[in-house]
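Only one structure is covered here, and it is reproduced in the block below.
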Amino acid sequence: MKPKNQSPPQNIWNTTTVDLVTMALLAGLGLATKSIIRPVVGVITASLYIPTGAVAGGLYMMWPVMAYGLVRKPGAASLTAFTQAVISLLFPVGNFGILSFIIYLCPGVAIDLFFLLSRHKACCVGCCFGASSVANFVGTALVGTLVLMLPLVPLIFSLVLAAISGGLGGVIANTLLVECKKLGL
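Going by our numbering, the sequence shown opens with residue 462, and the numbers climb by one from there.
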């Protein structure tokens, strides 16, 4: 005989298969976007001696923000970023070797922390702007210090560009989230 008030077993984060698939798809879209946009932006930024990732990063930092906005659970951006790190180690897309775990995971954690501290859930253009901006800032700071070893002035310039570019990516993420909400996703 089955007890009456028995609830179905749940996993630690209370995520569904749909949540996991959504995060995996957005992680893949982030890496695909990176491989397409980075060379295009590189044509412009290389001649100005600006690190390409600082500018292009805003456009692919929007995907973990969207993951958080669609899944609406703490840790969604971090798990999406972790998936990107694993994929980047398996395929030659944005591979920084073992540093990939730090370089990809920290922006995802920054997004989750931003939403936790701001008590927002990718609900408005302001919080999406801020989360993506912080994520791109963190990612650029890590690449600039750990990989490129930039001097202080170029690093600060790159970080300012990264924050602006990340914010624009957040605006795009919010626009896409609003459209997804209209579609009932």
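We put the beta carbon where it would ideally sit given N, CA and C, even for glycine.
Minimum C-alpha distance to residue i - residue among the options
i	options	result
Leu531	Lys582, Phe590, Ser496, Cys588	Lys582
Val516	Leu607, Ala488, Ile563, Ala602	Ala602
Ile625	Gly519, Ile511, Val570	Gly519
Cys585	Gly631, Leu566, Leu616	Gly631
Phe575	Ile505, Phe598, Gly591, Lys495	Gly591
Val482	Cys589, Gly569, Leu540	Leu540
Pro512	Pro535, Lys642, Leu646, Val614	Val614
Val608	Ile559, Val621, Arg499	Ile559
Phe598	Ala623, Leu611, Cys589	Ala623
Lys657	Thr477, Val639, Leu638	A query on residue 657 cannot be resolved here, the shown segment of the chain reaching from 462 to 646 and no further.
Ser594	Asp480, Leu629, Gly503	Leu629
Pro568	Tyr510, Leu509, Ala546	Ala546
Val589	Leu637, Ile563, Ile564	With the sequence shown as reference, residue 589 is identified as Cys, and Val is not the correct amino acid for it. Comparing Cα-Cα distances from Cys589 to each of Leu637, Ile563, Ile564, the minimum goes to Leu637.
Val621	Gly514, Val570, Met610, Val639	Gly514
Under 7 angstroms between C-beta atoms of residue i and residue j
i	j	result
Leu577	Trp524	no
Gly600	Ser619	no
Met522	Gly587	no
Thr544	Ala596	no
Ala634	Met484	no
Ile688	Leu492	With the chain covering 462 to 646 only, the question about residue 688 has no answer from this structure.
Leu566	Ala537	no
Leu550	Ser561	yes
Residues that DSSP places opposite residue i in a beta bridge
i	result
Ile559	Phe557
Boundaries of the alpha helix (DSSP H) in which residue i is found, first to last residue
i	result
Asn413	With the chain covering 462 to 646 only, the question about residue 413 has no answer from this structure.
Leu609	Run containing Leu609: none; DSSP gives neither H nor E here.
Pro500	478–508
Helix, strand or coil at residue i according to DSSP, with G and I counted as helix
i	result
Val590	In the sequence under discussion, the amino acid at residue 590 is Phe, which differs from the Val named in the question. Three-state DSSP puts Phe590 in a helix.
Gly536	coil
Ala542	helix
Met522	coil
Leu566	helix
Phe552	coil
Ile572	helix
Ala583	coil
Leu531	helix
The ligand SAH heavy atom lying under 6 angstroms from the CB of residue i
i	result
Gly645	In terms of ligand content, the structure shown is empty, and the ligand SAH therefore cannot be addressed.
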